[in-house]
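As given, the protein sequences belong to chains A and B, one line each in that order. Take the working numbering: the final residue in the first sequence is number 653, and no numbers are missing along the way. Take the working numbering: the final residue in the second sequence is number 653, and no numbers are missing along the way. Backbone N, C-alpha and C define an ideal beta-carbon position, used for all residues, glycine too. Here is the structure we will look at.
2 protein chains.
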Amino acid sequence: MQFHFNGFKSGDPRLANARSEDLIDQRLNDGDQVDVLIVGSGPAGLALGAYLSQYNDLSISMVEAKDGPIRVGQADGVACRTMETFEALGFAHRILEEAYWVNEIAFWTPDSKNRDRVSRDRVIDDTEPGLSEFPHVILNQARVHDYLLEKIRHSPSGFSPNYRTQFISCERDDQKVHPIKVRLQQEDESFIYVETQFLVGCDGAHSRVKDFLGVTFSGDRSDKVWGVMDILCSTNFPDVRRKSIIKSDRFGTLLIIPREGGYMIRLYIELDLSVDSEMKTKDQVTPKKLIEAANRIIAPYEIALKEVAWWSVYEIGQRVADRFDDYDEREVNRFPRLFISGDACHTHSPKAGQGMNVSLQDGFNLGWKLGAVLNNHCSTEILKSYSDERQSIASQLIEFDRVFSIIFGGGATNVTQSLASDQHDFQSYFVRHGRYTAGVETCYRQSQLIGSDVHQGLAKGFPVGKRFQSEVVTRFADSKPVHLAHEFKFDGRWRIVVFCPASNFSKQLTILSDLSRSIFDVENPMLSHLGCDASRIDELIDFRFALEGSPADYGGTQFPILMQPEKGDLQLTDYEKIFCSQTKSGVDIFCSRQIDRQAGCLVIVRPDQHVAGILPLAQFREMTVFFEQFMMIRK
Amino acid sequence: MQFHFNGFKSGDPRLANARSEDLIDQRLNDGDQVDVLIVGSGPAGLALGAYLSQYNDLSISMVEAKDGPIRVGQADGVACRTMETFEALGFAHRILEEAYWVNEIAFWTPDSKNRDRVSRDRVIDDTEPGLSEFPHVILNQARVHDYLLEKIRHSPSGFSPNYRTQFISCERDDQKVHPIKVRLQQEDESFIYVETQFLVGCDGAHSRVKDFLGVTFSGDRSDKVWGVMDILCSTNFPDVRRKSIIKSDRFGTLLIIPREGGYMIRLYIELDLSVDSEMKTKDQVTPKKLIEAANRIIAPYEIALKEVAWWSVYEIGQRVADRFDDYDEREVNRFPRLFISGDACHTHSPKAGQGMNVSLQDGFNLGWKLGAVLNNHCSTEILKSYSDERQSIASQLIEFDRVFSIIFGGGATNVTQSLASDQHDFQSYFVRHGRYTAGVETCYRQSQLIGSDVHQGLAKGFPVGKRFQSEVVTRFADSKPVHLAHEFKFDGRWRIVVFCPASNFSKQLTILSDLSRSIFDVENPMLSHLGCDASRIDELIDFRFALEGSPADYGGTQFPILMQPEKGDLQLTDYEKIFCSQTKSGVDIFCSRQIDRQAGCLVIVRPDQHVAGILPLAQFREMTVFFEQFMMIRK
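Next up, the structure:
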């Protein structure tokens with residue numbers, strides 16, 4: 019956490035750059051013009067808003083039909099990758115403290131001696147070691163919203179949602195500075211018109227915004243009906259505080275997800291419509307009937323209900339939009355200005371715990387791209403990549419969900435039984451599954467924003483297209499152990515991590531000095547972009563240096579200016595750019611991420627932490643070529 | 019973090035038990051009666067207030083002569099033990115994120131070839147491995163106050179300080195329910211009278227409250243003068259981000275403490291009065307003169323000042339009061355009702371970074387004792403132990419500070435040079451010194467509240483009288499890795515940790531069942547105290563169980579009710595009492611804390627986390643004998 023570089027300021031540094039409360043609480047009025055209008059305050063909308071609000075001087079508004087933040091129910095799974103992105107927003111540790119940690123999964127199946135009773139088959143780890151520095155956790159979606167809303171409120175372009183405000187319609191006129199005109203209905207049923215540069219529909223499965231994009235959906239409805247409830251109960255089931263998948267012989271499957279606070283649990287109860295046919299319509303379902311269904315599955319154990327915090331019945335299919343924006347290939351000069359995000363473009367069953375996570379990552383992906391375009395850092399061309407990247411991820415999710423639903427649905431007993439016959443297969447299936455649901459397998463294809471993997475061999479542990487996986491390193495200036503990727507906050511900056519081998523260090527230092535000079539060269543297009551002020555390069559691209567070895571190996575080294583730049587109004591030296599690979603815990607990033615110990619490399623990391631490219635250390639001019647593809651250059 | 023056991027409640031669980039804002043913001047009025055009146059809002063007062071505000075329905079008020087919270091300067095060292103206590107108040111992680119971490123100390127001495135230049139002698143670790151799970155950190159005292167004030171505000175007996183209110187005088191009349199009558203002066207110079215059960219003077223070195231206790235001070239003034247400043251600067255000194263002790267040949271010593279945020283540093287500059295005689299009176303000192311003095315010491319390096327955030331000059335001696343309360347041995351029936359705490363009873367030089375830390379621990383020590391008496395959990399007898407325990411700690415601090423000042427003062431070069439001649443001695447001196455300043459050596463003597471160490475051999479790693487050092491264990495119900503002592507929040511509860519060996523477990527289980535029965539026995543004096551409601555024993559004594567081995571070793575075990583008690587309005591099962599010693603990281607608390615693997619033991623832990631006693635597992639009836647000494651028993 020760096021602060022005070024423009025001078026000492028007392029008080030909480032987390033609030034130092036927050037917008038004033040007056041501006042944040044301003045509601046939308048008829049005729050207002052904004053940069054981005056977000057429709058919906060669910061995970062996709064809040065993630066988008068959280069990223070965008072980190073930029074200075076953007077005007078972002080959010081409208082929400084509901085009358086306030088949600089307080090109960092809905093999603094509760096927070097994947098490892100989601101925790102990493104919460105770290106980039108600064109609140110991962112508070113969620114770690116508050117949430118339930120999923121450490122293990124218990125499998126219960128019909129007892130071989132008496133198939134009317136379930137018995138514990140096995141317990142496996144939920145997450146494979148080394149997948150992420152964060153665990154998979156469970157927390158009420160409402161609390162995740164609270165953290166995102168708080169982050170938005172404490173940010174330079176902070177805002178508060180306009181509740182009780184309904185999106186009605188929109189039209190686009192590219193002749194205008196704010197080409198999207200939006201009609202909104204307010205609480206008193208009056209209408210206002212707002213003009214925006216970009217409109218993002220994060221308004222859920224019944225999205226109204228999606229109707230204005232001309233997208234088509236593929237997929238189908240499920241014929242399975244599930245009950246879901248958050249309860250306080252007393253039970254003799256021994257694994258009630260472990261995530262448990264309980265498959266009965268005759269009554270279907272029950273999923274127990276322990277919840278935050280140590281007492282509450284969530285149940286997903288498969289409803290057997292031959293037995294529970296009256297439950298097919300929600301108004302005939304009661305919590306009592308759901309618990310009866312759960313108790314049929316979990317016999318000989320019993321759940322005695324004490325309190326129901328929330329419950330619902332769902333029957334949801336897998337469905338995905340063909341595009342997530344209004345871009346039309348026949349009009350190549352028009353870039354997208356309308357987007358949809360989250361459940362508005364993809365729906366699937368909640369049991370794999372993916373809904374909230376994928377929606378959040380939609381929002382972050384779009385957030386930095388809109389921010390870069392609105393700040394004139396990048397060309398509008400990059401906006402097309404949002405749909406390209408996220409539609410493909412959503413399609414994979416739908417496919418994954420189809421297989422996953424089989425495991426949990428009717429065919430479930432068979433699948434686990436066949437898997438169970440081979441301990442190794444069983445484990446490896448759940449390892450693959452675990453990586454996917456952890457969110458760390460997301461890989462964007464080569465594009466303008468993702469370079470080729472031709473130099474992947476220089477850093478095999480940083481697959482191009484996937485997120486930059488964090489590792490502990492030792493900060494050179496003060497020997498503090500830090501997680502490298504935790505330095506990469508969601509602030510719109512690109513990162514270039516320079517891995518410098520210890521062997522032949524004087525030669526390497528020459529390369530680093532050349533790199534430093536090339537960056538500060540007035541001919542550098544990145545500098546011309548910023549108006550030739552080399553001291554401000556850091557606002558756009560955050561260089562970091564990982565030196566092989568320990569701080570003591572580099573005592574007395576005169577580092578080039580790029581490695582210890584002077585920043586801010588007072589031109590103070592930033593000592594937090596240089597790290598060493600040796601750590602007290604024995605971890606060495608050169609080893610764990612398989613960095614070439616002869617050649618070293620540069621790793622280019624996007625503002626959403628995805629690896630955009632790997633280059634040989636000495637070929638840093640190719641870096642400029644990469645950025646010239648999409649960065650705006652002021653002549 | 020446990021919540022929802024009285025039913026589901028939406029929103030931030032950290033605020034679930036907070037007092038209403040209206041009550042918190044009530045100011046003191048003439049004629050008010052309170053349980054505790056705290057004079058002064060420094061570390062001692064805020065720590066006391068933070069502990070007391072965790073109890074339900076106490077009426078606590080704080081008066082402070084200043085017109086608001088401090089914003090700059092003063093202390094900045096936060097010792098490991100202090101971080102542990104901040105964890106017990108729930109905000110350690112936010113401080114970890116914001117503070118500077120002291121990992122190493124660099125020693126600079128006159129260069130052997132040219133004694134007018136300093137050169138780096140060595141760098142050593144600041145804290146020995148395994149001392150605490152928390153690092154030694156540095157943070158503006160004002161921020162520490164902010165966290166304590168926020169904690170107080172979010173607590174069941176929360177309050178806000180009455181600023182611009184001055185303590186004038188007090189008198190004690192034991193015939194009254196609120197025996198202390200206090201005269202206060204308000205901002206408009208009018209006087210009000212307030213009656214309180216207890217009055218605590220946390221009003222600093224110039225305490226007015228201390229004058230009403232009849233205590234005497236011993237100690238003497240120093241003849242050393244030091245300048246201290248928090249600055250933003252640019253410098254070519256290579257260790258500017260390491261804690262550095264720089265001893266020049268002719269110009270004295272400079273201490274550099276890097277500060278939070280990555281840019282600010284604190285300097286302690288020894289002023290050589292033969293050179294800087296004009297600096298002896300503060301009004302002749304300027305930041306420019308202080309930097310000149312620093313630059314004389316640090317040559318050939320240079321510090322160029324960019325901004326001064328705060329500065330001061332001090333010349334402070336070591337001084338300690340003979341008692342910290344108004345107890346008079348000649349009046350055995352009167353227990354203490356007036357106390358002093360923090361700088362009001364002990365002053366010393368700031369360079370060892372002890373001031374804020376010792377004052378905070380004073381406050382926590384008194385906090386739980388006043389809370390226990392006001393809640394009728396313990397007899398008033400325990401109040402005498404505050405002065406007994408903390409006066410002896412302060413006396414040790416004064417003695418330590420005397421030696422430490424020699425190291426930093428004039429004799430410094432000699433001491434480190436003689437130590438430097440033997441690498442091993444040098445290191446071991448700083449290891450001893452580091453343990454002391456980390457705050458983990460604090461050991462209370464045997465008393466009513468600290469049992470004998472006759473059974474110390476059963477758990478050598480938990481010295482009786484010292485704080486219960488945390489260790490990672492695995493929670494039985496969900497396999498979560500947790501730091502055992504992080505479960506021991508500052509909530510007024512005693513803890514009994516039952517260490518149960520794996521060998522002969524069925525016999526051990528019989529003992530545990532007997533223990534459970536004995537606790538729930540209606541004849542148990544602890545129960546009669548609580549009105550015989552066994553389900554409420556947990557509100558007074560929090561039993562925890564550490565089983566040797568892993569959760570899988572205990573599958574299917576039927577645990578007695580004490581190990582999985584039913585709690586709260588809904589009588590929900592608490593699954594967070596049982597832990598296993600095996601962890602994924604390889605740590606095993608039976609090994610690291612040297613628990614007897616045949617006998618096991620009970621460790622009694624006080625509400626301030628100090629080990630009060632160790633008993634053989636089967637001799638749990640002695641536990642009742644221990645508590646009967648000071649717990650109130652309702653017949």
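- For F21(B), there is no enclosing beta strand (DSSP E), as DSSP marks it with neither H nor E.
- According to the DSSP assignment, Y332(B) belongs to the beta strand (DSSP E) that extends over I321 to Y332.
- For Q526(A), the enclosing alpha helix (DSSP H) has its first and last residue at F523 to F538.
- Per DSSP, the continuous alpha helix (DSSP H) segment holding E116(A) begins and ends at A110 to E116.
- The alpha carbon of S150(B) has as its nearest neighbour, out of R337(B), G452(B), Q193(B) and V303(B), the alpha carbon of G452(B).
- With respect to the C-alpha of S610(B), the residue from F494(B), M650(B) and A477(B) having the closest C-alpha is A477(B).
- Here the stretch 113-120 of chain B makes no contact with the stretch 35-49 of chain B; the two share fewer than three CB pairs at distances below 8 Å.
- At a cut-off of 7 Å, the C-beta of K498(A) has a neighbouring C-beta in chain B.
- The C-alpha of P197(A) is placed about 11 Å away from the C-alpha of V54(A).
- L502(B) sits away from V516(B), with the two beta carbons spaced by 7 Å or more.
- DSSP, read as helix, strand or coil, puts L231(A) in coil.
- At least one C-beta of chain A is nearer than 7 Å to the C-beta of G25(B).
- Within chain B, the residues placing a beta-carbon under 7 Å from that of Y593(A) are R259 and G280, ordered along the chain.
- Rounded to whole angstroms, the separation of the alpha carbons of A312(B) and S330(B) is 14 Å.
- Not a single C-beta of chain B is nearer than 7 Å to the C-beta of K484(A).
- For chain B, the residues of the stretch 149-174 of chain A that bring a beta carbon within less than 9 Å of one of its beta carbons are P153, N158, A160, R161 and D164, in chain order.
- Take R135(B), set aside five residues on each side of it, and the residues of its chain with a beta-carbon closer than 8 Å to its own are P128, D129, A317 and P318, in chain order.
- For A160(A), the enclosing alpha helix (DSSP H) covers residues Q159 to R171.
- For A339(B), the enclosing beta strand (DSSP E) covers residues Q336 to A339.
- Within chain B, the residues S28 and G29 have their CB atoms less than 8 Å from the CB of R89(A), given in chain order.
- Setting aside the 5 residues that flank it on each side, Y286(A) is surrounded in the same chain by W244, V246, L273 and K369, each with a C-beta closer than 6 Å to its C-beta; the list follows chain order.
- DSSP lists no beta-bridge partner residue for C609(A).
- In the displayed model, D361(B) falls within a helix according to three-state DSSP.
- P179(A) sits in coil when the DSSP states are folded into three classes, being neither helix nor strand.
- An exposed status is given to I186(B), since fewer than 16 other beta-carbon atoms sit within 10 Å of its beta-carbon.
- The Cβ-Cβ distance between G219(A) and V227(A) falls below 7 Å.
- R562(B): member of the beta strand (DSSP E) spanning I559 to L565, first to last residue.
- In the structure shown, the three-state DSSP call for K199(B) is strand.
- Shown here, R513(B) sits in a strand according to DSSP, grouped into three states.
- With respect to R284(B), D257(B) sits apart: the two C-beta atoms are not nearer than 7 Å.
- R348(B) and E407(B) have their C-alpha atoms some 20 Å from each other.
- Beta-carbon to beta-carbon, G469(B) and F644(B) are separated by about 6 Å, close enough to satisfy the 8 Å threshold.
- Judged by DSSP in its simplified three-state form, S252(B) adopts strand.
- Minimum Cα-Cα distance from V57(A) among the listed residues N74(A), A630(A), V81(A) and Q72(A) corresponds to V81(A).
- With three or more CB-CB distances shorter than 8 Å, the stretch 352-370 of chain B counts as touching the stretch 407-418 of chain B.
- For F255(B), the closest Cβ of chain A is not nearer than 7 Å.
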